[in-house]
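Report on the following structure.
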Amino acid sequence: MKTIAKNKMSALLDALIKKYQVFAPVQQDDLVVDFNAIRSGAEAYLEYNNSNEPVKKMFFPQSETLFTYTQGGSTETPELQPKQPRVIFGVRPCDTRSLALMDKVFDGPDFQDPYYLEKRKNTTIFTLACNNPRNNCFCSSLGYGPFFQKDTDVFMVDLGEKYLLEPITAAGTKIVKGLPGLEDAREKELSRRKALEKEAAGKITKKVDLKNLPEKLSGIFDHPVWDEIHEKCIGCGVCTYFCPTCHCFDIVDETRDDQGRRVRVWDSCMYPSFTQEASGHNPRETGKERMRQRLMHKFKYFVDNYDEVACVGCGRCMNNCPVGSDLVQVIEKINNLKREDVYE
Amino acid sequence: MQEQPENWEPRIIAFLCSWCSYAGADLAGVSRCQYPPNIRVIKLPCSGRANPFYIIKSLQQGCDGVLISGCHPGECHYSSGNYYARRRFAIMKRLLEYIGVEEGRVHFSWVSASEGEKFAKVVSEVTEAVRKLGPARRLVKNEFESGATI
Amino acid sequence: MDLQAQVRQAARKLLDDKQVDVVIGYEAADEPLRTTPCFIRDSQEVDRLVWNPFCEHNLAGYLQGRQDKAAVVAKGCDSRAIVVLINESQVQRDNITVIGVPCGGIVERKKIYRHLQGADIREAVLEGDVITVKGPGFSAELKVEDFLAECCKFCSHRNPVLFDIKIGEDVPEVDSKEQYHEVARLEGSSSEERWEFFKKELSKCVRCYACREACPLCYCKQCFTDQSLPAWVGKTDDISDTMAFHIMRAYHTTGRCVDCGNCERACPNDVQIRLLTKKIEKDVKELFGSEAGLEIGEKTSMMVYKENDPQDFIK
Amino acid sequence: MAPRIGVYVCHCGGNISEVVDVKKVTESLGGQGDVVLIKDHEHVCSEVGQKLILNDIKENRLDRVVISACSPQFQGGTFMKTMEQAGLSPYVMEMANIREQCSWAHHGQTEQATSKAVDLTKMAIAKARLDEPLEKKVLPLGKRVLIIGGGIAGIQASLDLGDAGFEVYLVEKEPTIGGKMAQLSKTFPTEDCAACILSPKMADVPNNPNVRLMTSTEVKDISGYIGNYEVTVTRKPTYVDPDKCTCCDKCAEVCPVTVPNEYDEGLTTRKAIYLPSPIAVPNSYVLDDKSCLGLFPLACSKCKEVCEVDAINYDVYPREEKFTVDTIIVATGFDIFDAREKAVFGWGKYENVYNALEMERLLAHSGEGKPLKDLGNKVAFIQCVGSRDEQVGCEYCSRVCCMYATKLACLFNREHPGKEIYIFYTDLRAYGKGFEEYYKRAQSEGIKFIRGRVAEVVEDSETKKLMLRAEDTLTRKIIESEFDSVILSVGLRPNAGTQKIASMLGLSRSQDGFLKEAHLKFRPVDTLIEGVFLAGTVQGPKDIPDTVAQASAASSRAIRLMNKGEFEAEPIIAEVSKEMCVGCGVCAEVCAYGAIEMVSSADNEGVRTAVVNEFLCKGCGNCAAACRSGAVDVNGMSDHQISKMIEVM
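Chains A, B, C and D are the protein sequences, given in the same order.
Quick note on my numbering: the first sequence kicks off at 4 and runs consecutively.
Quick note on my numbering: the second sequence kicks off at 1130 and runs consecutively.
Quick note on my numbering: the third sequence kicks off at 3 and runs consecutively.
Quick note on my numbering: the fourth sequence kicks off at 43 and runs consecutively.
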């Protein structure tokens, strides 16, 4: 385990930049931080709460050209492998965790998505523990927490004056080995880490009980509670676009005269067009069906398929919802349904 | 004035109402009025048919200039189509310029069926204005070219 | 009796008298400085209703397409949106009861967060015009008027223009002379500067359509963005398409936008889209002399024309 | 199935090929799968050229044809016929204009003109690809016509149409037809007596077997469209059976109620039961239930008691009647300007200030030897009262005032020779047949025409004489003079009842408030609403000959439509997608033709959507551009087609 003084962090990043394309949190304005490719370590802003947008877009961009074509038959696939190996530096544990969930979809036993995987394979993740979970954070209810250190290559903790660096994977170990300015971690620092972890856990006040949720959901498909849950929803895509685990997409062709390209673009189950059929019929006709789909997918279907819920408790859906829809309250509402209301 | 690529010729799309401006364009031809060959005409029944999307789409497609022309006020074949068009264009033109599309990309005119010369003059003016601005870059969609868009 | 109590009383009476099936209002949210729209059907629950400067949503949008009898809590801007919806036959006047509440302006939550440099606010208490916010290791007293939303600062119609039940007394209207100052500032800059500004601003957009969905007057069954024959606007996040989307969305509000600010407030990325709608609002006023949503039966500015409308831009 | 497109590029005998490199055009168009053949020809429009197309359509199973040649406005019709000959819809043919708008306009610029010709042809191909085989729509038409308004315009139109064998419904809200003309003394410039020339025409109306006259009747509602106008009228009771009434006047003699007589502009009185005018048609007394002492309950029944022929029946009520017509002529006429709006002249306040219609009645009475008033020795006419006056919102000239004032002055002068008569005018407009001569004659008879607008009229409260102040703009002298009477030459205003009819039919008004014709020059009696025509002053101020001419013109235009027995509509019209329409109504609002109706129908689950009437729509596409939802499009000129044409750029 290593540490690095905060004032040397910039140099460490500069060293990384020489070999890698480095993405780090960058201040967009006085409130918003997002991951950008940085050209110098000084650009990185690690004293942040969480990035506005989740890091999924690094692997699953909002629009991605699958191939181009011309009338007459020739197609061309773009280069899938990034030009340079990549480092994403300072990712919060919730987003790291979300990548593990995304992997289940894009790197499953039956199907591997090369567009996603080529980027994933060539990217090393540095996770930064979350000392200050916010009021909408509820990661600890999802079986992990703000100091969760799996699913990453290098785990870091902000100790105040220094950062603690703990390589997790072989790739992590290798990359850390070559970095400048590192010192061995001292006992005092390790106990400081423990104290911070405890403190962070204490800041999480939102809690949900997911124990019986999948089972409960399977019995309430036609339950009137959905009327209530969706009523104030306006049907935008914020909760899905900002969700680190939502991964639905549409494939569209863009043509001009005699050339075209096939593009994968984010889509959202909250949009009517998501299930709109060519005939005009829409199996998920109203917001109610769409809201149900979103929650079912996250907390039931995903569990059926992968034994995990498709939620990391980052709270972005609640932070950004234009009408203040509260996922935790919704789950509570479902949990509170009486047994007799839930039918098999 | 920006630097212009060699041999660059502006490409201008024109939407003409069929009763006045298209007929005016015909008259320009019949009278052998000469004007720059940079415009490509789409005939609409009325300037009131012109959906502002036509302008946006044209700019996105990389047209260097857009011209919409209809009957003079009070002479619309459909009575009032040009009056409605005038309101739409007033708003759209101001909005586009506000957002930073150069003044001089999007033009409007009233040309009657008897104004062949005016048509030739309008096209010459529009072509000149667009030529001065150089190739359109703003709002142009370059989805088939590598590198950054816009 | 304070306004909140009056709102509750009005709601209780409407429900008890079976005049309406539902009262649409605001309730407190779990998150501090926020409220969330709520739908009260049982008079026992009217105490969930709140009225405070955090009632930021324009609830008019919830009226569109309703089959039941609904009452709605409406501020000045909300009432204007309702007027437009009625005029565009999206809401039947007879089916709704408007509980009009004079509005002193709505607090923009993000301004407070900015002011406190992103502090972790865990609690907020409003007393009179002062908000006391608290979080781990800090507390601050803030004045409501210092954090009003931009659209509220120069709002020209704070009092409802349409109501069936009026809560409280009219508040004085504010001087709205300066309402276009941001637009005017941009107009004063160069074309190049404006282009760079809007390109940067709109590149923040992720096409989540929160602005569109939050707008009470964006009620098309299928937005042009989802149409395919023709597909006017591409679905990717190409900046050209994103700009085209915003230009056309703003254009579609011509003569209809009531500047409630719901679009901008809904935007998760703080794109300043009001700068577009506000520009159009300004132009509509300048060119056609009209303002949206003031009178039932009025025609919006794109539905009519004058023979002497300005045309100095036409060759 | 992919379309099969044939493209023909025309040389036009050198007209095109001398500038445009036609071969290069044909070569540059290749490579598109559905373009089955590309040919060039010396004269595509020639017999040979057309035969070539016909043959190709047959041999190559073409279902779209693109002709890159001259302006479609020049040879479009020819090629549409060719398509029909080939058994195809004429609407699957597109033309690219590479002559008028290319070769002729870009002499000596072969390279650029050629590249433009390629683009224009590609655009036409892009459009043709999405063309649909549209067909013209045919609507059967009957011979029924509604005429609204029974003034001279309505009378003339009724007689013309009735004589031509059409079934006429003439609706008049007053108890008699005749309108304003029936109130006039004599007519300019010939000075023939208005009643004498009008009454035979009025009498012809009920005698015409094809005319159904409905007086005391108001149009309550009109719905539908050409060929299918559903008309609902309200027939008000007159309580007197016109078939029985002998006009013996006994009822009026016993009637205890006296009210001002409208026919005499209130200068005389009438009873509650009365003869609307001496020349009334139907020629019958009527009971005015508003001034009668009371019918419900019956307060007085004196009239019924004295009626020897038992023509009076109190037990009748307003009733509605519905009928269907194919076309409509609106002839609702005018109102005179209410001179109270011009308070400086004191009408309604000063005893000796009259409006011109009052003067007409005064002269009519004195002409019959029953003078009502003495106008004194010095009389002034003030012109342009409520005309050419922005202050009262009338910028237009009322066209008849100069001449009627001249006429009234002449008549008065002849009746009372030796009196001083002044006419204060702005400009004297004597533009009609015989008008200038009439004006000269008036001058020679001693009428004094002063060019100057009168600033105000002041009454001497003692003597009731009137002081006028005006500037004689010819001599630059201020005239201040006292008159015994002042006559205000009031202008013509749109009839108050016209707006209701206009809204029912979706007719628009001109800036002056009169109804708007389809085209001021070429379609002066048509409206934009198919099957609706205008006659008389409803369209704008005009004199009697013009009114009569216009009424006959309107009849002839109506006959033109109905005589054919069917109405053919172009298929290039708007179409609404019910799935997309949100029912906001912006399309209906901007439609100049009233072709869009907002309908909540059961077959659309009660949802309000726009419905386009295929016979009224002219395909201008204004609705489509106004629709935010993309729910309205134009067949044969669709947004999809236009967007594909733009993509060629």
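Idealized CB from N, CA, C, for every residue including glycine.
So, is residue i buried or exposed, given that buried needs 16 or more other C-beta atoms within 10 angstroms?
i: GLY72 of chain D; result: exposed
i: TYR480 of chain D; result: buried
i: SER1275 of chain B; result: Note that SER1275 of chain B has pLDDT 48, beneath the 50 cutoff, so the model's placement of it is unreliable and the number below is only indicative. It counts as exposed.
i: ALA146 of chain D; result: Residue identity check: residue 146 of chain D is Trp in the sequence provided, not Ala. The residue in question, TRP146 of chain D, is buried, as its Cβ has 16 or more Cβ neighbours within 10 Å.
i: ALA1277 of chain B; result: Note on ALA1277 of chain B: pLDDT 35, under 50, position unreliable in the model; no value is reported.
i: MET1130 of chain B; result: The pLDDT assigned to MET1130 of chain B is 47, lower than 50, so where the model puts this residue is not dependable; a value taken from the coordinates is nonetheless given after this. So MET1130 of chain B counts as exposed.
i: LYS177 of chain A; result: exposed
i: TRP197 of chain C; result: buried
i: VAL26 of chain A; result: Checking the sequence shown, residue 26 of chain A turns out to be Phe, not Val. When all chains shown are included, PHE26 of chain A counts as buried.
Tell me whether the beta-carbon of residue i lies closer than 9 Å to the beta-carbon of residue j.
i: LEU128 of chain C; j: ASN54 of chain C; result: yes
i: ALA322 of chain D; j: GLY220 of chain D; result: yes
i: GLY1245 of chain B; j: LEU1173 of chain B; result: no
i: GLY1126 of chain B; j: PHE1248 of chain B; result: Residue 1126 of chain B lies beyond the range of chain B shown here (1130 to 1279); nothing can be said about it.
i: ALA668 of chain D; j: TYR1213 of chain B; result: yes
i: LYS301 of chain C; j: GLU293 of chain C; result: no
i: ALA422 of chain D; j: ILE465 of chain D; result: yes
i: ALA111 of chain D; j: GLY75 of chain D; result: no
Check the Cβ-Cβ distances between residue i and every residue of chain D, and say whether any is below 9 Å.
i: SER141 of chain C; result: no
i: GLY163 of chain A; result: no
i: ILE1220 of chain B; result: no
i: TYR1183 of chain B; result: yes
i: LYS1270 of chain B; result: no
i: ARG259 of chain A; result: yes
Are the C-beta atoms of residue i and some chain A residue less than 9 Å apart?
i: VAL674 of chain D; result: no
i: GLY582 of chain D; result: no
i: GLU689 of chain D; result: yes
i: HIS59 of chain C; result: yes
i: TYR1 of chain C; result: Residue coverage of chain C in this structure runs from 3 to 317, which leaves residue 1 of chain C outside it and unanswerable.
i: GLN1163 of chain B; result: no
I'd like to know if residue i contacts chain C, where contact means its C-beta is closer than 9 Å to some C-beta of that chain.
i: LEU1145 of chain B; result: no
i: MET12 of chain A; result: no
i: ILE684 of chain D; result: yes
i: TRP1239 of chain B; result: yes
i: GLN553 of chain D; result: yes
Any C-beta of chain G sitting closer than 9 Å to the C-beta of residue i?
i: ASP681 of chain D; result: In the structure shown, chain G cannot be found, because the protein chains are A, B, C and D.
I'd like to know if residue i contacts chain B, where contact means its C-beta is closer than 9 Å to some C-beta of that chain.
i: SER303 of chain C; result: yes
i: ALA252 of chain C; result: yes
i: TYR635 of chain D; result: yes
i: ALA560 of chain D; result: yes
I'd like to confirm the pairing. Which residues does DSSP put opposite residue i in its beta bridges?
i: SER671 of chain D; result: According to DSSP, which records beta bridges pairwise, SER671 of chain D is partnered with nothing at all.
i: THR78 of chain A; result: A:TYR72
i: TRP269 of chain A; result: A:PHE252
i: LYS542 of chain D; result: LYS542 of chain D pairs with nothing; no bridge assigned.
i: CYS217 of chain C; result: BP columns for CYS217 of chain C are empty, so no partner.
- Message: I'd like the ranges of any beta strand (DSSP E) spanning at least 3 consecutive residues and lying wholly in the stretch 44-80 of chain D.
- Response: Listed in chain order, they are 47-52.
- Message: Give the list of continuous alpha helix (DSSP H) stretches no shorter than 4 residues that lie fully inside the stretch 191-230 of chain D.
- Response: Listed in chain order, the complete alpha helix (DSSP H) runs (minimum 4 residues) inside the stretch 191-230 of chain D are 194-205.
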